[in-house]
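So the sequence lines, in the order shown, correspond to chains A and B. For what it's worth, my numbering labels the leading residue of the first sequence as 182, then goes sequentially. For what it's worth, my numbering labels the leading residue of the second sequence as 182, then goes sequentially. We put the beta carbon where it would ideally sit given N, CA and C, even for glycine.
Protein chains: 2
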Amino acid sequence: MTDIKKHNKCVIALDAMGGDFAPKSELLGAIEAFESGLDVKIFVLGDEDKLKSFAAENKISLDGLEIIHAPQVIGMHDKPIEAIKSKPDSSLVMGANLVKEKKAHALVSAGNTGAVASVSTLLMGRLKNVERPTIGSFIPSSGKLTYVFDVGAFVDLKPQHLLSYAILASIFTKEMHSINNPSVGLLNVGEENEKGNKQVKETFELLKNSSLNFIGNIEGKDILKGKCNIVICDGFVGNILLKFGESVPDFLKFLLKQHAEKNVFDKIKIGLFRKTLRKALQPLNPDLYGGVPLLGINGITIIGHGSSSPTAVKNMILKAKEMYNKNLTFKLEEALKPYAVK
Amino acid sequence: MTDIKKHNKCVIALDAMGGDFAPKSELLGAIEAFESGLDVKIFVLGDEDKLKSFAAENKISLDGLEIIHAPQVIGMHDKPIEAIKSKPDSSLVMGANLVKEKKAHALVSAGNTGAVASVSTLLMGRLKNVERPTIGSFIPSSGKLTYVFDVGAFVDLKPQHLLSYAILASIFTKEMHSINNPSVGLLNVGEENEKGNKQVKETFELLKNSSLNFIGNIEGKDILKGKCNIVICDGFVGNILLKFGESVPDFLKFLLKQHAEKNVFDKIKIGLFRKTLRKALQPLNPDLYGGVPLLGINGITIIGHGSSSPTAVKNMILKAKEMYNKNLTFKLEEALKPYAVK
Numbered sequence: 182m183t184d185i186k187k188h189n190k191c192v193i194a195l196d197a198m199g200g201d202f203a204p205k206s207e208l209l210g211a212i213e214a215f216e217s218g219l220d221v222k223i224f225v226l227g228d229e230d231k232l233k234s235f236a237a238e239n240k241i242s243l244d245g246l247e248i249i250h251a252p253q254v255i256g257m258h259d260k261p262i263e264a265i266k267s268k269p270d271s272s273l274v275m276g277a278n279l280v281k282e283k284k285a286h287a288l289v290s291a292g293n294t295g296a297v298a299s300v301s302t303l304l305m306g307r308l309k310n311v312e313r314p315t316i317g318s319f320i321p322s323s324g325k326l327t328y329v330f331d332v333g334a335f336v337d338l339k340p341q342h343l344l345s346y347a348i349l350a351s352i353f354t355k356e357m358h359s360i361n362n363p364s365v366g367l368l369n370v371g372e373e374n375e376k377g378n379k380q381v382k383e384t385f386e387l388l389k390n391s392s393l394n395f396i397g398n399i400e401g402k403d404i405l406k407g408k409c410n411i412v413i414c415d416g417f418v419g420n421i422l423l424k425f426g427e428s429v430p431d432f433l434k435f436l437l438k439q440h441a442e443k444n445v446f447d448k449i450k451i452g453l454f455r456k457t458l459r460k461a462l463q464p465l466n467p468d469l470y471g472g473v474p475l476l477g478i479n480g481i482t483i484i485g486h487g488s489s490s491p492t493a494v495k496n497m498i499l500k501a502k503e504m505y506n507k508n509l510t511f512k513l514e515e516a517l518k519p520y521a522v523k
Numbered sequence: 182m183t184d185i186k187k188h189n190k191c192v193i194a195l196d197a198m199g200g201d202f203a204p205k206s207e208l209l210g211a212i213e214a215f216e217s218g219l220d221v222k223i224f225v226l227g228d229e230d231k232l233k234s235f236a237a238e239n240k241i242s243l244d245g246l247e248i249i250h251a252p253q254v255i256g257m258h259d260k261p262i263e264a265i266k267s268k269p270d271s272s273l274v275m276g277a278n279l280v281k282e283k284k285a286h287a288l289v290s291a292g293n294t295g296a297v298a299s300v301s302t303l304l305m306g307r308l309k310n311v312e313r314p315t316i317g318s319f320i321p322s323s324g325k326l327t328y329v330f331d332v333g334a335f336v337d338l339k340p341q342h343l344l345s346y347a348i349l350a351s352i353f354t355k356e357m358h359s360i361n362n363p364s365v366g367l368l369n370v371g372e373e374n375e376k377g378n379k380q381v382k383e384t385f386e387l388l389k390n391s392s393l394n395f396i397g398n399i400e401g402k403d404i405l406k407g408k409c410n411i412v413i414c415d416g417f418v419g420n421i422l423l424k425f426g427e428s429v430p431d432f433l434k435f436l437l438k439q440h441a442e443k444n445v446f447d448k449i450k451i452g453l454f455r456k457t458l459r460k461a462l463q464p465l466n467p468d469l470y471g472g473v474p475l476l477g478i479n480g481i482t483i484i485g486h487g488s489s490s491p492t493a494v495k496n497m498i499l500k501a502k503e504m505y506n507k508n509l510t511f512k513l514e515e516a517l518k519p520y521a522v523k
């Protein structure tokens with residue numbers, strides 16, 4: 182394996198066995214990234230024989246990529262802590278170890294979100310003053326650029342954890358999207374200050390007394406309106422919300438189909454309109470957004486949707502590179518210093 | 182006021198001052214219900230002068246309705262416990278008192294959900310073995326008929342409360358929709374049994390050991406798929422989810438408009454398609470579903486959306502009548518007996 186120091190550019194460890202369409206999406210995505218002239222070095226981790234025979238069968242050239250043999254695979258039911266010991270030669274554990282050992286700058290994986298987050302956290306370690314790392318997701322909206330933090334890294338959180346999410350998310354949004362003072366809203370059942378459960382009421386006070394651009398409570402209806410840049414909630418709520426949102430396009434298709442079956446004239450119209458609708462709903466395609474970042478770890482990890490396409494994988498590599506170029510890990514650690522947990 | 186015993190039919194107390202369009206929607210809805218031959222007696226509670234002058238101005242006949250003068254109004258910022266004392270002559274408090282005093286069978290209101298739920302609970306009282314009443318919302322889906330319980334009655338709940346929600350919801354769904362053994366799913370961040378936060382893990386065990394038709398954990402993506410009849414979650418999660426879902430149609434309009442602005446041909450197509458789309462999305466209109474029931478109180482309360490139309494109010498009256506005819510309050514109390522909280 183080539184050492185990180187020999188490359189004067191971003192080095193990506195790509196878990197080629199993670200997603201639902203692995204290794205196809207991963208290999209094609211890596212090649213897209215390489216061929217687009219993106220100045221990155223990509224280590225592709227996976228079963229070497231499988232990767233090479235897949236490439237040969239599909240007449241894919243692996244030039245420009247460096248295959249690293251990782252014969253083991255972490256399944257949906259493997260427990261991350263155990264997998265680190267029992268599957269040290271899995272693509273995920275090897276990839277996270279490459280970042281830990283400073284042989285790569287970033288891990289990119291479309292594997293099981295919980296496993297990627299846990300393995301990254303356990304192997305790369307947490308930034309100082311971070312008790313719980315966080316995963317945030319971009320959400321298309323009709324207003325401000327919007328991220329929801331957290332969408333499922335950890336459940337059972339303390340208010341202090343939610344404050345640290347808001348800090349990490351603010352720096353991330355500022356650096357990655359050039360938004361100077363991103364606005365932060367606390368997801369709640371009403372706008373009034375006194376609303377919510379115990380966790381949210383305490384978080385409200387912490388956010389109010391922070392130096393963040395906190396706009397107060399926001400409601401479920403405000404997310405797609407883009408009322409603020411960063412929506413803060415715990416991973417339980419965020420995960421349910423994100424998955425609900427992702428199910429909306431299929432439900433729309435169902436409603437259109439159901440209506441078409443009842444009305445023959447509208448059936449024709451719906452048929453003619455299908456392509457336009459698909460284009461109009463394109464902003465809902467998660468592949469465009471290059472996965473979700475895991476913030477608060479001592480390294481860069483980008484986690485993709487299980488069903489990531491080659492374009493999604495390419496965009497994940499792009500995002501990892503941008504985070505590296507912007508020295509984000511260092512900036513996140515700096516931003517957390519004033520909020521040291523006593 | 183006529184006494185309940187003189188009517189051999191369902192008596193409804195309609196809060197005519199609750200909704201955003203009060204008293205218009207309420208009056209027109211009550212008249213629609215009356216004129217449709219619905220065999221109910223409707224008490225319309227509100228400022229008598231205002232109701233009569235509104236009716237005169239709009240040439241609405243109030244025949245068949247009985248106006249009860251309620252000069253006070255509970256605002257968005259009134260605290261329910263205080264409002265009961267400070268605003269005894271408000272339409273909401275008077276309406277709930279009519280049910281308490283057995284002068285009406287059901288309260289129907291499109292007022293502030295929290296206020297209607299709290300005032301109903303405080304005045305009518307809770308059923309035996311119910312610590313927390315619950316509000317459930319019908320959710321259109323592509324699969325099974327689906328309700329989400331709870332959608333915002335109370336936050337900070339114990340697992341025992343969530344179990345009682347599942348029991349109340351099962352009886353409600355069985356009786357109102359003739360579904361013999363409604364399936365119950367626990368909303369969680371993953372399907373595996375061991376997933377979730379502390380509250381959900383404990384609730385899982387309670388549901389597993391109950392006699393309900395519990396199918397296990399379900400995820401956010403399963404709700405619109407109609408994977409089960411009853412989705413159980415706490416009011417914090419349910420409220421956020423419901424409001425998020427209600428914001429989807431406006432966001433779709435935004436996406437179509439945004440696309441139309443970029444593409445002139447598609448703009449024309451979108452214009453031609455608008456009416457068809459509106460019809461196809463009709464199942465998303467909450468006015469169709471006749472408000473949400475508050476279950477677990479010693480009486481019937483139906484709470485409408487703030488923006489309820491006359492049709493919504495009519496459907497709320499219809500639902501209240503059906504709950505009365507089916508003797509639901511008694512059946513709910515019976516069902517809870519085996520689950521007495523020790």
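Under DSSP, the beta strand (DSSP E) around residue i begins and ends at which residues?
{"i": "E247(A)", "result": "L246 to H250"}
{"i": "L326(B)", "result": "Where L326(B) is concerned, there is no enclosing beta strand (DSSP E), given that its DSSP letter is neither H nor E."}
{"i": "S364(A)", "result": "S364 to L368"}
{"i": "I413(A)", "result": "I411 to I413"}
{"i": "A287(A)", "result": "A287 to S290"}
{"i": "N398(A)", "result": "N394 to I399"}
Run through chain B and tell me which residues come within less than 9 Å of residue i, C-beta to C-beta.
{"i": "F224(A)", "result": "In chain order: nothing, as chain B lies at least about 30 Å away."}
{"i": "S345(A)", "result": "The contacting residues do not exist; S345(A) stays about 18 Å from chain B at best."}
Assuming residue i and residue j are in contact, meaning their beta carbons sit under 8 Å apart, how far apart are those beta carbons, in whole angstroms?
{"i": "S301(B)", "j": "L475(B)", "result": "6 Å"}
{"i": "G292(B)", "j": "I249(B)", "result": "No, G292(B) and I249(B) are not in contact; Cβ-Cβ is about 16 Å, not under 8 Å."}
{"i": "A211(A)", "j": "V494(A)", "result": "7 Å"}
{"i": "K406(B)", "j": "S322(B)", "result": "6 Å"}
{"i": "I320(A)", "j": "I484(A)", "result": "16 Å between Cβ atoms; not a contact."}
Along the chain, where does the alpha helix (DSSP H) containing residue i start, and where does it finish?
{"i": "P491(B)", "result": "P491 to N506"}
{"i": "S575(B)", "result": "Residue 575(B) falls outside the range modelled here, since chain B spans only 182 to 523, and no answer is possible."}
{"i": "I481(A)", "result": "I481(A) -> not in any alpha helix (DSSP H); beta strand (DSSP E) instead, spanning I481 to I484."}
{"i": "V445(A)", "result": "V445 to A461"}
{"i": "E213(B)", "result": "K205 to E216"}
{"i": "E386(B)", "result": "K379 to K389"}
{"i": "L513(B)", "result": "L509 to L517"}
{"i": "F422(A)", "result": "A small correction: the amino acid at residue 422(A) is Leu; Phe does not occupy that position in the sequence shown. Start and end: G416 to E427."}
Anything in chain B within Cβ reach of residue i, meaning under 7 Å, just list it in chain order.
{"i": "P464(A)", "result": "L436"}
{"i": "F135(A)", "result": "Missing from the structure shown is residue 135(A); chain A here goes from 182 to 523 and no further."}
{"i": "F454(A)", "result": "K450 and F454"}
{"i": "S489(A)", "result": "Result: empty, since nearest Cβ-Cβ is about 16 Å, beyond 7 Å."}
Which chain A residues sit within Cβ distance under 8 Å of residue i?
{"i": "T302(B)", "result": "In chain order: nothing, as chain A lies at least about 17 Å away."}
{"i": "D259(B)", "result": "In chain order: nothing, as chain A lies at least about 12 Å away."}
{"i": "D337(B)", "result": "N378 and K379"}
{"i": "N410(B)", "result": "Here the premise fails: no neighbours, minimum Cβ distance about 17 Å."}
Quick one: which chain A residues come within Cβ less than 7 Å of residue i?
{"i": "T457(B)", "result": "D447, K450 and I451"}
For a contact defined as C-beta to C-beta under 8 Å, what are the partners of residue i on chain B?
{"i": "K460(A)", "result": "H440, N444 and D447"}
Give me the DSSP bridge partner(s) of residue i.
{"i": "K222(B)", "result": "V192(B)"}
{"i": "R307(B)", "result": "I478(B)"}
{"i": "G227(A)", "result": "H250(A)"}
{"i": "G317(B)", "result": "F330(B)"}
{"i": "V473(B)", "result": "I484(B)"}
{"i": "S271(A)", "result": "Q253(A)"}
Find the residues of chain A that neighbour residue i, judging by a C-beta separation of less than 9 Å, and give them in chain order.
{"i": "L475(B)", "result": "Those do not exist, as L475(B) stays about 16 Å from chain A at its closest Cβ, beyond 9 Å."}
{"i": "E312(B)", "result": "Those do not exist, as E312(B) stays about 16 Å from chain A at its closest Cβ, beyond 9 Å."}
{"i": "L422(B)", "result": "G401, V418, I421, L422 and F425"}
Query raised in the report: In chain order, what residues of the stretch 380-406 of chain B put their CB closer than 7 Å to some CB of chain A?
Result: E400, G401, K402, I404, L405 and K406
Query raised in the report: Using a beta-carbon distance cut-off of less than 7 Å, what residues from the stretch 261-293 of chain B approach chain A?
Result: none
**Report entry** Selection of the stretch 494-510 of chain A by Cβ proximity to chain B, strictly under 9 Å
**Finding:** none
Query raised in the report: For the stretch 356-373 of chain A, which residues have a beta carbon sitting closer than 7 Å to at least one beta carbon of chain B?
Result: L368 and V370
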